[in-house]
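FYI, full-length UniProt numbering numbers position 91 of the sequence shown as 91, with every residue one higher than the one before it. Each remark here refers to the structure printed beneath this line.
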Amino acid sequence: MPDARGAGGGSRYFVQGKEGFVIKAKLKKFFDEKQLPENIFIVEKDQLTHVIDFDTLIDLIVNVAPENEQAVIWNMISKIDFLNGDISHYLNHLATAYIMENF
Numbered sequence: 001m002p003d004a005r006g007a008g009g010g011s012r013y014f015v016q017g018k019e020g021f022v023i024k025a026k027l028k029k030f031f032d033e034k035q036l037p038e039n040i041f042i043v044e045k046d047q048l049t050h051v052i053d054f055d056t057l058i059d060l061i062v063n064v065a066p067e068n069e070q071a072v073i074w075n076m077i078s079k080i081d082f083l084n085g086d087i088s089h090y091l092n093h094l095a096t097a098y099i100m101e102n103f
């Protein structure tokens, strides 16, 4: 993850651009205003069962995901919502990707 001085290293604090704050705010507002069912996401990996609850996944998306990933997530969620699709399928995809990358 880039830091305050760019890709070179040094400070551990990430400086989020103006656009990043806008996308983060849009994601937060979307999840706050939509009446989405609070699913539990279950992912199998290496003969282990991982469980992520809805609130944890939303927290990862809004507060932990890098700015570029938030932008991709926002674009996809916007498209799904515009087409009256089921967001929970995409959230399950994100939960699966998170487990596969981090455990």
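Where a beta carbon is used, it is the ideal one built from N, C-alpha and C, also for glycine.
| Check | Outcome |
| --- | --- |
| Range of the contiguous beta strand (DSSP E) that encloses Leu60 | Leu60 -> no beta strand (DSSP E), and no H or E assigned at all. |
| Residues bridged to His50 (per DSSP) | Val43 |
| Backbone secondary structure at Gln35 - three-state DSSP | coil |
| Selection from Glu101, Glu44, Ile99 and Ile87 that minimises the alpha carbon distance to Leu27 | Ile87 |
| Short CB-CB distance (under 8 Å) between Trp74 and chain D | Of the protein chains in this structure there is only one, and it is not chain D. |
| Three-pair Cβ contact test at 8 Å for the region 63-78 versus the region 45-53 | no |
| Residue from Asn84, Ile80 and Ile61 whose Cα sits closest to the Cα of Tyr98 | Ile61 |
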